[in-house]
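Numbering (the UniProt record's numbering), first residue to last: 1 to 234.
What follows is a single structure, written as structure tokens, with notes after it.
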Amino acid sequence: MRPAGVGLGRIAGLLSAARGWVAASLKEDHVTDLKAELHRELRAGRAGLLSKLDGLTAYDMRRPMTPTATNLLGLVKHLAGLEYGYLGASFDRPAPEPLAWVEDGSIWDGADMWARPDESGKYIVELYRRACAHADRTITDLALDTPGQVPHWPEDRRATTLGVLLVRMVSETARHAGHADVLRELVDGEAGPDHDGFGDEAEWRRYHARVQAAADTHRASGGPRCVSRSRRPL
Numbered sequence: 001m002r003p004a005g006v007g008l009g010r011i012a013g014l015l016s017a018a019r020g021w022v023a024a025s026l027k028e029d030h031v032t033d034l035k036a037e038l039h040r041e042l043r044a045g046r047a048g049l050l051s052k053l054d055g056l057t058a059y060d061m062r063r064p065m066t067p068t069a070t071n072l073l074g075l076v077k078h079l080a081g082l083e084y085g086y087l088g089a090s091f092d093r094p095a096p097e098p099l100a101w102v103e104d105g106s107i108w109d110g111a112d113m114w115a116r117p118d119e120s121g122k123y124i125v126e127l128y129r130r131a132c133a134h135a136d137r138t139i140t141d142l143a144l145d146t147p148g149q150v151p152h153w154p155e156d157r158r159a160t161t162l163g164v165l166l167v168r169m170v171s172e173t174a175r176h177a178g179h180a181d182v183l184r185e186l187v188d189g190e191a192g193p194d195h196d197g198f199g200d201e202a203e204w205r206r207y208h209a210r211v212q213a214a215a216d217t218h219r220a221s222g223g224p225r226c227v228s229r230s231r232r233p234l
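Here you go:
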């Protein structure tokens, strides 16, 4: 039974408006939850990266551990620039401090991937924390569909949004935090949080031997080389 004085057309209109309001609310909540989840993932990646510097000397933080000179402090320095860039300058929120390697163009020669002798570990870490705080304000203040621009990207992709760049920053941080996991293990054997749960050092040696033995079965033949046809675009 409909209320007295309210026509069927009016009821239909009210129901339609209610459905639209609920749908909009659900969509808004979903987007809000997505941004919050991405932000949580970014914070977790940042913390994991910085934890790999704990207890290291100034030398061990910066010494190159691969043929391409990948080093722990350089990863932090690199990500500081990305935080200031992707989640700052791309939305007309430039870094409040100069980044020498950006201003002089040496970033294109890899200057953001290693620490100069006059750049202390404390300076690089504090720079990263400031860059993250700057990025956090952008994430908090802007909606995921806020337009931005990355000037050095290809012209057809230069115009972008906060959502795209937030996903990109989560990906970059996770990638380099993974690099840091391996570098730290190479420096002093310190492994990730799963290390102690797997077993003692003797168990790890047995595990290593099993993996090595499996690889050795292919040592003589060599086998076909793995070739990836894909390359990640900018």
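Just so you know, even glycine gets a beta-carbon here, dropped at the ideal spot from N, CA and C.
query, result
"Gly55 - DSSP class collapsed to helix/strand/coil", "coil"
"For Val102 and Gly121, the rounded distance between their alpha carbons", "19 Å"
"At least 3 beta-carbon pairs within less than 8 Å: the stretch 76-91 vs the stretch 170-177", "yes"
"DSSP beta-bridge partners of Thr161", "Pro147"
"Alpha helix (DSSP H) runs contained entirely in the stretch 74-148, provided each spans 4 or more residues", "100-103, 121-141"
"Trp108 classed as buried or exposed, judged by whether at least 16 other C-beta atoms fall within 10 angstroms", "exposed"
"Top-ranked residue by Cα proximity to Arg184, from Glu37, Met65, Tyr128, Leu34", "Met65"
"Contacting residues, own chain, Cβ-Cβ under 8 Å from Arg62 (five flanking each side not counted)", "Asn71, Leu72, Leu73, Gly74, Trp114, Ala115, Gly121"
"Short Cβ contact (7 Å threshold) for Leu49 with Ala180", "yes"
"Within 7 Å, strictly: CB atoms of Val170 and Glu41", "yes"
"Bounding residues of the alpha helix (DSSP H) (the contiguous stretch that carries His152)", "Neither: His152 is in no alpha helix (DSSP H) and is coded neither H nor E."
"Candidates Ala202, Arg93, Gly189: closest to Gly55 by CA position", "Gly189"
"Ala100 and Tyr84 closer than 7 Å at C-beta", "no"
"Where the alpha helix (DSSP H) through Val211 begins and ends", "201-216"
"Environment of Thr138 [buried if 16+ CB atoms lie within 10 Å]", "buried"
"Three-state secondary structure (DSSP) of Ala177", "helix"
"Distance, Cys226 Cα to Thr217 Cα", "17 Å"
"Cβ-based neighbour list, Leu142, same chain, cut-off 6 Å, excluding 5 preceding and 5 following", "Leu162"
"Assigned secondary structure, Glu185 (DSSP; H/G/I helix, E/B strand, else coil)", "helix"
"Rounded C-alpha distance that separates Ala213 from Ala69", "29 Å"
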